[in-house]
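Enquirer: If you read the sequence shown in my numbering, its first letter stands for residue 22, the second for the next number, and so on.
Beta carbons are placed, not taken as given, at the ideal position from N, Cα and C, and that holds for glycine.
This one's a predicted model, so the numbers in the text were calculated from it and none came from an experiment.
One structure, pasted below without further comment.
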Amino acid sequence: MSSENFSRLFNPDNIYMSTHGGGAGNNWASGYGQGGEVYEQIMDIIERESENSDQMDGFLFTHSVSGGTGSGMGSLILEKIRDRFPKKVIQTYSVFANHEDTSDVIVHPYNSVLSMERLIDYPDHVIVIDNAALNRLAAGKFETQQPTFDHINSLVTRIMSTSTAMFRFGSHVLSSIGSVSLSPIQPLHFIQAG
22 MSSENFSRLF NPDNIYMSTH GGGAGNNWAS GYGQGGEVYE QIMDIIERES
72 ENSDQMDGFL FTHSVSGGTG SGMGSLILEK IRDRFPKKVI QTYSVFANHE
122 DTSDVIVHPY NSVLSMERLI DYPDHVIVID NAALNRLAAG KFETQQPTFD
172 HINSLVTRIM STSTAMFRFG SHVLSSIGSV SLSPIQPLHF IQAG
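Next comes the structure, spelled out in structure tokens:
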């Protein structure tokens, strides 16, 4: 996000960069532990932005549930956001690993299982994004055997754009993220994209 292409799109004060520069090594526990060391700095950024907002309805949270940082630190940040903003809606875009792809990271399933507890307890809506399905859709839509990140990102962008259109373009009935009932029964709040 701090690359030349996007440097003016984001406020540099809102980008948290770890001092050690790395991730969590594909380990949920490592990400959760590192999150415990830095979450106050991250929450300061979130609170500052929420205070500067005219009318904040909730949070859109994008993360992976298979690696270490998105699953472990993401789980902790979800907990902290829910604790500090109990009445705000939290909607996640949770990317699940491509189980069809052979991976050298054998702990992906463990990271996903450990993340699921937090995804059940803290967000109001979880938009499930399946990497395998994205690859199949991209291969068909873009007529290629090897979809690129640009192909995949264009599909994810469409999912996110469509699910937030009613808030961005205004409606008297659906004027806030909290006014939309995507899950009629609260524990059933996982929504499959696609």
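I'd like the list of long-range same chain contacts for M64, defined as Cβ closer than 6 Å, with 5 residues on each side in sequence excluded.
Expert: Reading the sequence shown from its first residue, position 43 is the one you call residue 64. Closer than 6 Å at the Cβ level, and outside the excluded window around M64, lie K101.
Enquirer: What does the Cβ neighbour count give for I98, buried or exposed, with the cut at 16 atoms within 10 Å?
Expert: For the purposes of this step, residue 98 is identified with residue 77 of the sequence shown, where counting begins at 1. Its Cβ being crowded by 16 or more others within 10 Å, I98 is buried.
Enquirer: Taking buried to mean at least 16 other C-beta atoms within 10 Å of its own C-beta, is H41 buried or exposed?
Expert: Stepping through the sequence shown from its first residue, residue 41 is reached at position 20. By the neighbour-count rule (16 or more Cβ atoms within 10 Å), H41 is not buried but exposed.
Enquirer: Just to check my reading of the structure: F80 and I111 have Cβ atoms closer than 8 Å, yes? What is that Cβ distance to the nearest angstrom?
Expert: The count along the sequence shown starts at 1 and reaches residue 80 at position 59. The count along the sequence shown starts at 1 and reaches residue 111 at position 90. At roughly 5 Å, the Cβ-Cβ gap stays under 8 Å, so F80 and I111 are in contact.
Enquirer: What is the DSSP secondary structure of D151, counted as helix, strand or coil?
Expert: One-based indexing of the sequence shown puts residue 151 at position 130. Note: D151 maps to strand in three-state DSSP.
Enquirer: Could you check the C-alpha separation between R189 and Q55 for me, to the nearest Å?
Expert: Counting from 1 along the sequence shown, the entry for residue 189 is found at position 168. Counting from 1 along the sequence shown, the entry for residue 55 is found at position 34. Cα-Cα distance, rounded: 34 Å.
Enquirer: Cα-Cα, which of F27, M77, S71, D125 is closest to S87?
Expert: Here residue 87 is taken as the residue at index 66 of the sequence shown, counted from 1. It is D125.
Enquirer: If I'm right that A160 touches I173 with Cβ under 8 Å, what's the distance once you round it to whole angstroms?
Expert: Position 139 of the sequence shown holds residue 160. Position 152 of the sequence shown holds residue 173. In fact, because the Cβ distance is near 10 Å, the residues do not count as touching under 8 Å.
Enquirer: Cα separation between S96 and R139?
Expert: Position 75 of the sequence shown, counted from the first residue, corresponds to residue 96. Position 118 of the sequence shown, counted from the first residue, corresponds to residue 139. Approximately 6 Å, taken between the alpha carbons.
Enquirer: Could you check what DSSP says for V59 in three-state terms: helix, strand or coil?
Expert: Residue mapping note: residue 59 aligns to position 38 of the sequence shown, counting from 1. DSSP places V59 in helix when its eight states are reduced to three.
Enquirer: Go to S85, then tell me how far its alpha helix (DSSP H) extends in each direction, as first and last residue.
Expert: Position 64 of the sequence shown, counted from the first residue, corresponds to residue 85. First-last for S85: 79–85, but that is the beta strand (DSSP E), not the alpha helix (DSSP H).
Enquirer: For the region 103–135, which segments carrying the beta strand (DSSP E) assignment without a break, of at least 3 residues, lie completely within its bounds, in sequence order?
Expert: If we require 3 residues or more, the beta strand (DSSP E) runs fully inside the region 103–135 come out as 110–117.
Enquirer: Which whole-angstrom value is the C-beta distance of A214 and V149, which I expect to be below 8 Å?
Expert: As a working note, residue 214 is residue 193 in the sequence shown. As a working note, residue 149 is residue 128 in the sequence shown. That belief holds up - the Cβ atoms of A214 and V149 are roughly 6 Å apart, short of 8 Å.
Enquirer: Going by alpha carbons, who is nearest to F31 out of N119, N132, I66?
Expert: Numbered from its first residue, the sequence shown carries residue 31 at position 10. That would be I66, whose Cα lies nearest to the Cα of F31.
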